[in-house]
Amino acid sequence: MSDAPTAPTGHYLPTGEFVARAAIRAYEPGSTNRLGIGNLLRYCELAANMASAASGFGAGWYRERDEGWVTFRQTIELVAPVGVGQTLDLMTWVVDFSRVSSRRFYRLTRTDTGAVVARTET
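Per this note's numbering, the sequence shown starts with residue 1, numbered consecutively.
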């Protein structure tokens with residue numbers, strides 16, 4: 001049995017939100033043992049990509065059509081610190097969608113306590 005971390009996997013809830021779980025890796029927190037904004041936003045990107053793929057729009061779908069998404073604006077509310085050894089539940093859902101734009105919300109919570117650590121909107 002390996003102690004190596006596994007790639008996060010996720011699923012859609014009946015209410016439409018996509019949920020994935022990810023363990024904070026030892027090299028991600030800074031010298032304060034806290035995960036920075038950049039890494040939190042990367043977890044949001046990961047959740048969005050996983051949700052898209054779970055809906056049938058994976059990387060190959062975008063590559064075949066020479067299409068992709070660009071983040072125009074993203075806001076983040078930091079609620080609590082996250083450190084090494086913690087595991088997060090990444091939840092995301094689309095709020096509105098049109099041919100050329102979309103708005104997506106995210107909520108990141110600690111798996112052990114359920115406490116919200118960040119909320120974000122893209």
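Positions of the beta carbon are idealized from the N, C-alpha and C atoms, including for glycine.
Check	Outcome
When DSSP builds the beta bridges, which residues end up paired with LEU90?	ALA20 and LEU108
Do TYR62 and GLY68 have their CB atoms nearer than 8 Å?	yes
Output yes or no for whether 8 Å exceeds the beta carbon distance between VAL84 and ALA47.	no
Would you identify the three-state DSSP class for GLU28, choosing helix, strand or coil?	coil
Please work out which residues of its chain come closer than 7 Å, Cβ to Cβ, to ALA118, disregarding the five sequence neighbours upstream and downstream, and give them in chain order.	LEU40, ILE76, GLU77, LEU78, VAL79 and LEU108
On the CB-based measure, 16 or more other CB atoms within 10 Å of its CB, does ARG65 come out buried or exposed?	exposed
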